[in-house]
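Below you'll find the structure, written out as structure tokens, and then a few comments.
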């Protein structure tokens, strides 16, 4: 058989990564990372509003060009590789990351008129400026159309499409007016590669549409005009300038345009896979199947599970979305997530401790020397709101249990533990609603680089944490989608399952739970849930908050008392 | 009139300061600071127990010698001064700081046998290892002898004498056995200067006895043997090896021994004033009178007020102590306090941010640029427990409202605000029980050095904050006590009031409250009280904790919206 290669391009929050992969065995033969040049690590911020996070779309195009060119160049050092043998390109991106485009499918922000206008840029997933609009959408849906939010956990998030677009209409109507349409980044990049010159012709993925834009075939696509009109008449009018149908990744989004084929030295017309969210393609690259829970742990965490689409599926409160075909065709894609994980540690190390990567490593090492419960600290990981299971962006961080001798490493560990407790809350909710979780597979930068983090997760969850066999699983998943888009006849595959079998690898490493640590974390998790439910507004019944500090001190004293006699300097 | 001078010696947590002062006009003619050499800034710690804080008594003797000698030497540069004209020495110290001594009044820790034994050293005020014993004393008193704890707020603290001595008995009975008696540092230093060679001959001050050792003439001195026997028979036996009577500062504790007179080049036999706590003599040096609330703001804060002893005085729940004669003869001394103030900022700057004095100043400057409510943060200042009004050492810190962009300066300000809210809770409690507070006078290192801190206090309390006219008010107050001990005939004074009139100065500076900031702080204080009461176990009624984060964000948004358009880089 002639060797075939596909390209996976992963648009992260701070960089673009392209890989070239051998379809026969999943071997990565070339790769290139491109760091965004604009703003702060690619992110445009507003000093007056910590909830704002935008990105210059020029960075996306520069990143696409540089990363794919670089990956192909490095693949060129492999003797068997040739650009002729590349049969498809797949793309994954962050999301919901909508951007306003003009009638020619050009991002508004590329126009000199708009380039200094933050609302004309891409609205990053972690932009939370539209909390009011999200709350209004939730309220309107609960009253008038509960079916719209039932599959997305009952609460519409400020991280999502309609809230962001509506907020733009409210704060920058001139940008809203100038936009012919709005496109998710996951749909935009494949459309660019395919040379699509009108937003009407973009083939939109059900992944973004279903999880973020309240799209479902059950009610005929996007939310009904009547519902949108309740929010704002101009949103109702926008509906017709968006799209009628969204698609799973079972067919290509288009074919490589002659211009981009020229840029990359690839054959024109090769398959461009449907775009997808980084988490979803990351799950594919991590080898997701029924019973597998995939955690993509990076700046934030996205969790994915799948369940056969031919069986009934209940709505699960607080779970971001359950969308038919969103992760793999033929399955419900179930998505959950945590809004700040790597970002939370980054905040502590870089914003508070003013440290760098070396300090990350040092604090991680020191945190690894501590035992569960030893610091007396307990934190809530809500510095960027809570995506699952509270779906509430208007929540903030909490740290409790500090003494005058609390160290930065102890806080670092407490923040990791807080995210692990958040993860446990998500797993608990899914199991409660019948989603089988037999195996937890982790991928993403934090999972790959931080064994202390992984061990804490194993101890908190009381289950083995497997590290995915491939690094860069989103790009691998995107390359798998390209192989499926190309099809078996072209050297790819006809199904995702077949592609996964050949293009993914067994676990790279497994972290086993320590039974003692897990027992301590059972106690801490119960206290965490008191804080979580009290400050998350879950429970009207009062927790015994007056004893929480004492219980943490008593637990600490017990842990210290049974520890070997060593001194932590 | 022949000029007369007195010496005030202030034993702080990290250093000893001596001043030589002109009795006629309060002019400081010489001074010297001695930093403790042992341990961490003088404090002996145990890496395994953050509640432990001891001090080597050798440091006290070295500090006494070096500071007084140095102060006299620097006074020698004043043309009018001569050592012949020094008429008295006064001493203030931290407390409750008990130390075990042998039958010759030598600290056990000076004996080679005990020097590496932490329980044989002085038990610093901020040692909280005896929380269990304090709780047991509180429980026993509430059940069997409520009168014992009524004047000290109803709760016995782990910072106090009996809890510490009992804890020593429990964890280091060999030290307890070896101790002929236990002496408060405030009594020990005057006894040393007076050449007292048996603990039985020490003239103990009512200040330490009344506030920390449940001493009162109402029940005939120290707690009855029967009560102590309920705690432990050996505590009852110890009672007879302590003291029968304690005295206010209306007469000298003794007279300078020939040995120390030789060491210092002073006349033997000059008056040694009764020792007192730094806070109490600080209040005297700050010009305390009826209606004045003195805050001595340093590593911790001690608050003092006085009320005429010839009028009835109610017990006030949660107030550390109301003791006849403890601050000035003829008045009830009322004491309150906060366990971590400067220490809390020091923890943040030095332990977390790994900074130094320069960073303290930088964060203070940056914090001063922020407006009330702008950070969205709210903290509880309980990293070292809560002394007033909860009297609970088993409480810990809390920080709430963090985003991914929260800065170290914002946290620094939130910690200052937390201590200011704690101060407001104390003022509110005193006023509620009829203690008039017409004027707030601040002294201590933080008050003198940090105008941002003082402005925040004025804004939170909604009242002018006056800075005491003299710096180093504890040493000034100790020197005043020495002038009174010497008496008018010797060039001193016959009453504290007369001495205060000549030896203290008007306010050095006044910080006025900003009405807008105060209005914001009224809102924040209400939220603080919800946290305070919930986590402090005050209120069984549930606070609306589920909305706290949202309310803080809404307040922040309002504050930012009405702010002038400036960017905080």
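Protein chains in written order, with this note's numbering: chain Y, 3 to 571; chain W, 3 to 571. From the three backbone atoms N, C-alpha and C, an ideal C-beta is built for every residue, glycine too.
beta-carbon residue i near the ligand GDP non-hydrogen atom, thresh 7 Å
i, result
"residue 23 of chain Y", "Summarising the ligand content, the structure contains no ligands, and the ligand GDP is consequently not present."
Residues that residue i bridges to, as DSSP identifies them
i, result
"residue 145 of chain W", "DSSP output for residue 145 of chain W lists no bridge partner at all."
"residue 445 of chain W", "W:298"
"residue 23 of chain Y", "Y:8, Y:30"
"residue 95 of chain W", "W:13, W:279"
"residue 45 of chain Y", "Y:42"
"residue 249 of chain W", "W:207"
"residue 385 of chain W", "W:387"
"residue 124 of chain W", "W:57"
"residue 227 of chain Y", "DSSP lists no partner for residue 227 of chain Y."
"residue 468 of chain W", "W:443, W:512"
"residue 101 of chain Y", "Y:185"
"residue 35 of chain Y", "Y:19"
"residue 351 of chain W", "Beta-bridge pairing links residue 351 of chain W to no other residue."
Buried versus exposed, by CB contacts within 10 Å (16 or more), residue i
i, result
"residue 121 of chain W", "buried"
"residue 433 of chain Y", "exposed"
"residue 132 of chain Y", "buried"
"residue 84 of chain Y", "exposed"
"residue 56 of chain Y", "buried"
"residue 248 of chain Y", "buried"
"residue 2 of chain Y", "Because chain Y spans 3 through 571 in this model, residue 2 of chain Y falls outside it and cannot be assessed."
"residue 512 of chain Y", "exposed"
"residue 4 of chain Y", "exposed"
"residue 356 of chain W", "exposed"
"residue 176 of chain Y", "exposed"
"residue 499 of chain Y", "exposed"
"residue 294 of chain Y", "buried"
"residue 213 of chain Y", "buried"
Alpha-carbon to alpha-carbon, residue j and residue i
i, j, result
"residue 343 of chain Y", "residue 19 of chain Y", "20 Å"
"residue 149 of chain W", "residue 232 of chain W", "16 Å"
"residue 34 of chain Y", "residue 10 of chain Y", "11 Å"
"residue 192 of chain W", "residue 454 of chain Y", "55 Å"
"residue 570 of chain W", "residue 49 of chain Y", "Confidence at residue 570 of chain W is low in this model, with a pLDDT of 39, below 50, so the placement of that residue is unreliable and no value is reported for it."
"residue 536 of chain W", "residue 545 of chain W", "7 Å"
"residue 316 of chain W", "residue 430 of chain W", "16 Å"
"residue 568 of chain W", "residue 372 of chain W", "Any reading at residue 568 of chain W needs caution, since the residue's pLDDT is 45, under 50, leaving its predicted position unreliable; the model's value is listed next. Roughly 11 Å between the two C-alpha positions."
"residue 558 of chain Y", "residue 477 of chain W", "40 Å"
"residue 65 of chain Y", "residue 297 of chain Y", "26 Å"
"residue 527 of chain W", "residue 264 of chain W", "56 Å"
"residue 138 of chain W", "residue 44 of chain W", "30 Å"
"residue 2 of chain Y", "residue 419 of chain Y", "Residue 2 of chain Y lies beyond the stretch modelled for chain Y, which goes from 3 to 571, so this question has no answer here."
"residue 92 of chain W", "residue 179 of chain W", "32 Å"
"residue 555 of chain Y", "residue 396 of chain W", "7 Å"
"residue 81 of chain W", "residue 466 of chain W", "39 Å"
"residue 2 of chain W", "residue 228 of chain W", "Nothing about residue 2 of chain W can be read from this structure; chain W reaches only from 3 to 571."
"residue 158 of chain Y", "residue 151 of chain Y", "7 Å"
"residue 163 of chain Y", "residue 522 of chain Y", "41 Å"
Residue-level contact to chain A via CB, residue i, 8 Å cutoff
i, result
"residue 547 of chain Y", "Given the protein chain composition of this structure (Y and W), no chain A is represented."
- request: Identify each residue in the segment 27-54 of chain Y for which the Cβ-Cβ distance to at least one residue of chain W is less than 7 Å, and report them in chain order.
  value: Listed in chain order, the positions of the segment 27-54 of chain Y with a beta carbon within less than 7 Å of a beta carbon of chain W are 49, 50, 52.
message: In chain order, what are the residue ranges of uninterrupted alpha helix (DSSP H) at least 4 long that sit wholly in the segment 259-341 of chain Y?
response: 260-266, 280-287
Contact list for the segment 124-145 of chain W against chain Y, Cβ threshold 7 Å: none
Near-chain W residues of the segment 399-423 of chain Y - C-beta to any C-beta below 8 Å: 399, 400, 401, 402, 403, 404, 405, 406, 407, 408, 409, 410, 413
- request: Run through the segment 388-458 of chain W for me and flag every whole beta strand (DSSP E) of 3 or more residues, listed as ranges in chain order.
  value: 399-404, 441-445, all fully within the segment 388-458 of chain W.
- prompt: Taking Cβ-Cβ distances below 8 Å as the criterion, which residues of the segment 313-346 of chain W are in contact with chain Y?
  reply: 342, 345, 346
message: Please identify, using Cβ separations under 7 Å, the residues of the segment 482-496 of chain W that lie next to chain Y, in order along the chain.
response: none
query: Name the residues in the segment 354-367 of chain Y whose C-beta lies less than 8 Å from a C-beta of chain W; which are they?
result: 354, 355, 356
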